[in-house]
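Here the sequence shown stands for residues 0 to 162, numbered as in numbering that gives the first Met the number 0. Every residue gets a Cβ at the ideal spot worked out from N, C-alpha and C, and that includes glycine. A quick note: this is a predicted structure, and the numbers were derived from the prediction, not measured. Notes follow once the structure below has been shown.
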Amino acid sequence: MAGVTDDEERYAYLAEGNAKQARKRVAADLLIRDEAGRILLVNPTYKEDWDLPGGMAESNEPPRKASERELAEELGLAVAAGRILVLDWVGPHGPWDDQLVFIFDGGTLRPEQAAAIQISDPEISEFAFVELVEARARLRPDMAQRLTRAYDALATGTMDYSE
């Protein structure tokens, strides 16, 4: 082609390959505690069980930023996501393709931060700080298992990966 450089041809070749690559759904949640060590949960309006705060990453959004954005949108809370506690690959199920699920350390809130939480998204009906045992009872079984692993990773300074 006249006027097309090797760099332009290579870029076009790579762009075509990128367009054909598989895409992954990414969920990014936060394990946030209050000063008493209780875990912050949210009650979504669009599903039966409670959940950790967070949500789905948008296109080309880093998981860490997705968790922070979702928290700000849903509860008006600004928290810097810490290290990864859990990373899971979840295979396709029902109508859903596979996905990656991240749980980041959301730290411990100061009392004034916890008191300032306000639901700011109609997807959330309520929130609560609960003990680990109660949190596991409110969560879907797979999320309860992830929470247990995240809590253990927090205590041991490790990161837990599972498929």
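Selection from the options that minimises the alpha carbon distance to residue i
i: residue 143; options: 153, 131, 154, 152; result: 131
i: residue 145; options: 42, 9, 87, 33; result: 87
i: residue 160; options: 44, 85, 66; result: 85
i: residue 127; options: 43, 20, 21, 5; result: 43
i: residue 162; options: 97, 78, 121; result: 97
i: residue 49; options: 39, 57, 58, 56; result: 39
i: residue 167; options: 78, 102, 117; result: What is shown of the chain runs 0 to 162, which leaves residue 167 out entirely.
i: residue 158; options: 118, 82, 110, 121; result: 82
i: residue 123; options: 35, 47, 34; result: 47
i: residue 54; options: 109, 32, 120; result: 120
i: residue 154; options: 117, 32, 15; result: 32
CA-to-CA distance, residue j to residue i, given in whole angstroms
i: residue 104; j: residue 64; result: 13 Å
i: residue 30; j: residue 51; result: 7 Å
i: residue 23; j: residue 41; result: 25 Å
i: residue 76; j: residue 89; result: 28 Å
i: residue 92; j: residue 4; result: 45 Å
i: residue 129; j: residue 135; result: 10 Å
i: residue 106; j: residue 2; result: 55 Å
Residue environment, residue i, which counts as buried when at least 16 other CB atoms sit within 10 Å
i: residue 27; result: buried
i: residue 66; result: buried
i: residue 73; result: buried
i: residue 69; result: buried
i: residue 11; result: exposed
i: residue 150; result: buried
Opposing strand residues paired with residue i [DSSP bridges]
i: residue 11; result: Looking at the DSSP assignment, residue 11 forms no beta bridge with any residue, so it has no partner.
i: residue 42; result: 125
i: residue 55; result: 26
i: residue 86; result: 101, 160
i: residue 81; result: Looking at the DSSP assignment, residue 81 forms no beta bridge with any residue, so it has no partner.
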